[in-house]
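The sequence shown begins at 401 in the numbering used here and counts up by one. Where a beta carbon is used, it is the ideal one built from N, C-alpha and C, also for glycine.
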Amino acid sequence: MYKKILLPYDFGNSFENVPDQLAKMTENSEGAVITIFNVITENEMSSDVKFNGKRFNAITEDKTKELKPFTDALEKRGLEYELRFEVGRVINELLTEIKNNDYEIVVMSNRRSKMEIKHVLGHVTHKIAKRVNLPVMIIK
Numbered sequence: 401m402y403k404k405i406l407l408p409y410d411f412g413n414s415f416e417n418v419p420d421q422l423a424k425m426t427e428n429s430e431g432a433v434i435t436i437f438n439v440i441t442e443n444e445m446s447s448d449v450k451f452n453g454k455r456f457n458a459i460t461e462d463k464t465k466e467l468k469p470f471t472d473a474l475e476k477r478g479l480e481y482e483l484r485f486e487v488g489r490v491i492n493e494l495l496t497e498i499k500n501n502d503y504e505i506v507v508m509s510n511r512r513s514k515m516e517i518k519h520v521l522g523h524v525t526h527k528i529a530k531r532v533n534l535p536v537m538i539i540k
């Protein structure tokens with residue numbers, strides 16, 4: 401169904417339900433690619449450099465390792481994916497990524513790992529769904 405999917409990955413959300421939904425969304429779509437996109441905030445980047453001496457490449461290596469259970473779940477379902485990392489403000493970087501690429505749909509998780517949700521949608525999920533002109537699927 402979809403061939404070019406953007407999946408903004410937030411390490412604070414649970415993505416356990418996402419691989420099955422992605423498999424359904426890419427069913428019968430040969431050559432479908434899921435772009436897993438994570439924005440490293442400027443605060444995170446500066447604190448890691450300041451306190452841990454890490455640079456962008458080291459931070460992305462750590463995040464790639466953290467993503468392994470999720471990417472393993474995608475591989476298990478035969479899904480093609482690519483990882484992309486950027487540094488900046490989350491909403492701005494996501495909007496730029498969407499604007500500069502021909503994604504057919506944005507898939508977001510709205511399920512917090514910790515049950516501290518006060519609103520139905522998270523801030524980033526709400527802003528992206530409101531501002532983009534393509535379908536946004538929010539998986540709970």
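Pairs of beta-carbons, one from the region 429 to 440 and one from the region 474 to 486, closer than 8 angstroms: are there three or more?
Counting Cβ pairs under 8 angstroms, three or more are found: they touch.
Judging by CA-CA distance, which residue of N492, Y503, T471 is the nearest neighbour of D420?
As a first step, residue 420 is located in the sequence shown; it is residue number 20 there, counting from the start. Here the closest residue by C-alpha is T471.
Which whole-angstrom value is the C-beta distance of N405 and I538, which I expect to be below 8 angstroms?
Taking the first residue of the sequence shown as position 1, residue 405 is located at position 5. Taking the first residue of the sequence shown as position 1, residue 538 is located at position 138. The question names Asn, but residue 405 is Ile in the sequence shown. About 14 angstroms separates the two Cβ atoms, so there is no contact after all.
May I ask which residues mark the beginning and end of the beta strand (DSSP E) holding T435?
Numbered from 1 along the sequence shown, position 35 holds the residue referred to as residue 435. 433 to 440 is the span of the beta strand (DSSP E), which, as asked, contains T435.
Flag P408 as yes if its beta-carbon sits less than 7 angstroms from any beta-carbon of chain D, otherwise no.
In the displayed structure, chain D is absent; only one protein chain is listed.
Across which residues does DSSP place I505 in a beta bridge pair?
Taking the first residue of the sequence shown as position 1, residue 505 is located at position 105. DSSP, once it has assigned bridges, lists I405 as partnering I505.
Report the three-state DSSP secondary structure of V490 (helix, strand or coil).
Working through the sequence shown from its first residue, we reach residue 490 at position 90. V490: helix per DSSP, three-state reduction.
In chain order, what residues of the same chain have a beta carbon less than 6 angstroms from the beta carbon of V532, not counting five sequence neighbours either side?
Counted from its first residue, the sequence shown places residue 532 at position 132. Here the set comprises I498.
In the DSSP output, which residue or residues are listed as bridge partners for L483?
Position 83 of the sequence shown holds residue 483. Its beta-bridge partners are I436.
Identify which residue in L467, G488, I459, D502 has its Cα closest to the Cα of G412.
Along the sequence shown, read from residue 1 onward, the residue named residue 412 stands at position 12. The candidate whose alpha carbon is nearest that of G412 is L467.
For E493, count neighbouring Cβ atoms within 10 angstroms of its own Cβ and tell me buried if that reaches 16, exposed if not.
Sequence index remark: in the sequence shown, residue 493 carries index 93 (1-based). The residue is buried, with at least 16 neighbouring Cβ atoms inside 10 Å.
Buried or exposed by the 16-neighbour rule on C-beta atoms within 10 Å, applied to M508
Stepping through the sequence shown from its first residue, residue 508 is reached at position 108. By the 10 Å Cβ count, M508 comes out buried.
What is the residue span of the alpha helix (DSSP H) that V524 lies within?
Here the question's residue 524 lines up with position 124 in the sequence shown. 523 to 531 is the span of the alpha helix (DSSP H), which, as asked, contains V524.
Among G488, V490, V487, P469, nearest to F415 - alpha-carbon criterion:
As a first step, residue 415 must be located in the sequence shown, where it is residue number 15. The option with the nearest alpha carbon to F415 is P469.
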